Amino acid sequence: MCMWRGLNVNCVDGSGYTPLHHASLNGHRDVVLKLLQFEASTNIADNKGCFPLHLAAWRGDVDIVQILIHHGPSHSRVNEQVHTDRESQSTKL
1 MCMWRGLNVN CVDGSGYTPL HHASLNGHRD VVLKLLQFEA STNIADNKGC FPLHLAAWRG
61 DVDIVQILIH HGPSHSRVNE QVHTDRESQS TKL
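Residue numbers for the sequence shown, in the UniProt record's numbering: 1 to 93.
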C-alpha cells in the first residue's frame, strides 16, 4: 500500500478527530486495523477529551473496543464527561 507512505495518520480535523476516531466511531474495523498497522495513535483525544476507544465503546462496538485495548493504553483515560471507555460501554449493555 504505497498510498499510505508519507501520509499523516494522526492528523486532526476541526473536532480534534483523527482518522482513527472516525473509523472507530463509524464501525470501520478494517480501517481501524489498517490505521493501527501504520502506527495511528490510540492516545490522541478529540476536543471533548474523547479517545477513539471512548467512541467505539459509546457505539457499543465490542470488536473495535477489543482491538483498541490491545493496541494502546488509553482504556483508563477519562473524557470530558468523566467517563472511562468501560463506563461508556457498560451504559450500552
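Beta carbons are placed, not taken as given, at the ideal position from N, Cα and C, and that holds for glycine. The structure displayed is predicted, hence computed values, not measured ones.
- The DSSP-derived three-state label of A40 is coil.
- Counting C-beta pairs closer than 8 Å gives three or more between the stretch 7-16 and the stretch 36-54, which meets the contact rule.
- G60 and G6 have their C-alpha atoms roughly 33 Å apart.
- Here V12 carries a coil assignment [DSSP, helix/strand/coil].
- Apart from sequence neighbours up to five positions away, the residues of its chain that approach H71 with a beta-carbon distance below 7 Å are L36 and T42, ordered along the chain.
- In this structure, DSSP gives K34 a helical state, which the three-state scheme calls helix.
- Excluding the 5 residues flanking it on each side, N10 has same chain C-beta neighbours closer than 7 Å at T18, A40, S41 and I44, in chain order.
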